[in-house]
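>
Protein chains: 2
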Amino acid sequence: MNVQELNKDFENRTRLGIMSSLMVNDWLSFKDLKELLNVTDGNLASHIKGLERKEYIEVKKEFIDRKPNTTYRVTQLGRMEFKKHIEILEKLIKGE
Amino acid sequence: MNVQELNKDFENRTRLGIMSSLMVNDWLSFKDLKELLNVTDGNLASHIKGLERKEYIEVKKEFIDRKPNTTYRVTQLGRMEFKKHIEILEKLIKGE
Numbered sequence: 001m002n003v004q005e006l007n008k009d010f011e012n013r014t015r016l017g018i019m020s021s022l023m024v025n026d027w028l029s030f031k032d033l034k035e036l037l038n039v040t041d042g043n044l045a046s047h048i049k050g051l052e053r054k055e056y057i058e059v060k061k062e063f064i065d066r067k068p069n070t071t072y073r074v075t076q077l078g079r080m081e082f083k084k085h086i087e088i089l090e091k092l093i094k095g096e
Numbered sequence: 001m002n003v004q005e006l007n008k009d010f011e012n013r014t015r016l017g018i019m020s021s022l023m024v025n026d027w028l029s030f031k032d033l034k035e036l037l038n039v040t041d042g043n044l045a046s047h048i049k050g051l052e053r054k055e056y057i058e059v060k061k062e063f064i065d066r067k068p069n070t071t072y073r074v075t076q077l078g079r080m081e082f083k084k085h086i087e088i089l090e091k092l093i094k095g096e
């Protein structure tokens, strides 16, 4: 049981929520994530930025009906790292 | 998917490790936990104190062969709260 193997970047529950949501969806907007996770704008924005900096999620900025639309998606790196994190978490929880 | 339901006191990976270990063992010593989790004394001590303050774990201090022996066990409250936390975590991870 090596807690060091858990990824510190996924420890925070908002980040767990962002990654979990993006693992089972394609592109999600800030509004989608906010509704899904029921967190404040500031909390969500800061954790999205943190995950972006680590390249675990990517951003797409476009105009839809001349309105700016920002959506997020998990990257290959993010998917791989999060899967690893979840596997270790599940082992830890089962006391293996 | 309500990340608010996750218990902030169990977010930290060392705390996850302490609770997971105590859920599947009876009394464990500081040394046992340190070896199981491979964390520093300071890190372990501070998170044990935090969990104690919330009454999620309890302490037993005794003398064995005239040497002080401190062991820890999960409380009923701790067991209940941690089970709830894990259930929500598992739902979150499965994107439910």
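Taken in order, these protein sequences are the chains called A and B. The first sequence maps to residues 1 to 96 in the UniProt record's numbering. The second sequence maps to residues 1 to 96 in the UniProt record's numbering. Glycine included, C-beta positions come from ideal geometry on N, C-alpha and C.
1) Strictly under 8 Å for the Cβ-Cβ distance: is LEU92/B near chain A by that measure?
2) Taking SER21/B as the reference, which of ASN12/A, MET1/A and ILE88/A has the closest Cα?
3) Would you report the Cα separation of MET23/B and LYS61/A, rounded to the nearest angstrom?
4) May I have a chain-ordered list of the alpha helix (DSSP H) segments no shorter than 4 residues that lie completely inside the UniProt domain "Winged helix DNA-binding" (15-93) of chain A?
5) Going by beta carbon distance, what residues of the same chain come within less than 6 Å of GLU5/B, once the five residues before and after it are set aside?
6) Quick check: is the beta carbon of THR14/A nearer than 8 Å to any beta carbon in chain B?
7) For a contact defined as C-beta to C-beta under 9 Å, what are the partners of GLY17/A on chain B?
8) Assign ALA11/B to one of three DSSP states: helix, strand, or coil.
9) Leaving out five residues before and five after LEU51/A in sequence, what residues of the same chain have Cβ atoms less than 8 Å from its Cβ?
10) List, in order along the chain, the chain B residues whose C-beta lies closer than 8 Å to that of SER21/A?
11) Return the residues of the segment 29-54 of chain B that lie within a Cβ-Cβ distance of less than 8 Å from chain A, sorted by chain order.
12) I want to see whether chain B comes within less than 8 Å of ILE57/A, judged by CB atoms only; does it?
13) Compare the C-beta of GLU11/A with all C-beta atoms of chain B and state if any pair is closer than 8 Å.
14) Residues in the same chain with beta-carbon distance under 7 Å from HIS85/A, minus the five sequence neighbours each way, listed in chain order, please.
15) Does the Cβ of VAL59/A have 16 or more other Cβ atoms within 10 Å, making it buried, or fewer, making it exposed?
This is what the structure holds:
1) At least one chain A Cβ lies under 8 Å of LEU92/B.
2) Cα-wise, what sits closest to SER21/B is MET1/A.
3) Annotation: MET23/B to LYS61/A spans about 46 Å, alpha carbon to alpha carbon.
4) Entirely contained in the UniProt domain "Winged helix DNA-binding" (15-93) of chain A, the alpha helix (DSSP H) runs reaching 4 residues are, in chain order, 30-37, 41-53 and 76-93.
5) Cβ-Cβ distances below 6 Å link GLU5/B to ILE88 in the same chain, with the five nearest sequence neighbours on each side left out; the list follows chain order.
6) Yes, its Cβ sits closer than 8 Å to a Cβ of chain B.
7) Think of a sphere of 9 Å around the beta carbon of GLY17/A: the chain B residues whose beta carbon falls inside it are MET1, ASN2, VAL3, LEU6 and LEU92, in chain order.
8) Ala is not the amino acid found at residue 11/B; the sequence shown has Glu there. In the structure shown, the three-state DSSP call for GLU11/B is coil.
9) By the criterion of a C-beta distance shorter than 8 Å, LEU51/A is surrounded in its chain by ASP9, ARG15, ILE18, MET19, ILE57 and GLY78, once the five residues flanking it on both sides are discounted.
10) For a Cβ distance threshold of 8 Å, residue set MET1 and GLY95 of chain B lies close to SER21/A, ordered along the chain.
11) Those would be LEU36, LEU37, ASN38 and VAL39, in chain order.
12) Judged by the 8 Å Cβ criterion, ILE57/A is not in contact with chain B.
13) Proximity of GLU11/A to chain B, defined by a Cβ-Cβ separation below 8 Å, is satisfied.
14) Leaving aside the five residues that flank HIS85/A on each side, the residues in its chain whose CB is nearer than 7 Å to its CB run, in chain order, LEU6, ASN7 and PHE10.
15) Exposed, because fewer than 16 other Cβ atoms sit within 10 Å of the Cβ of VAL59/A.
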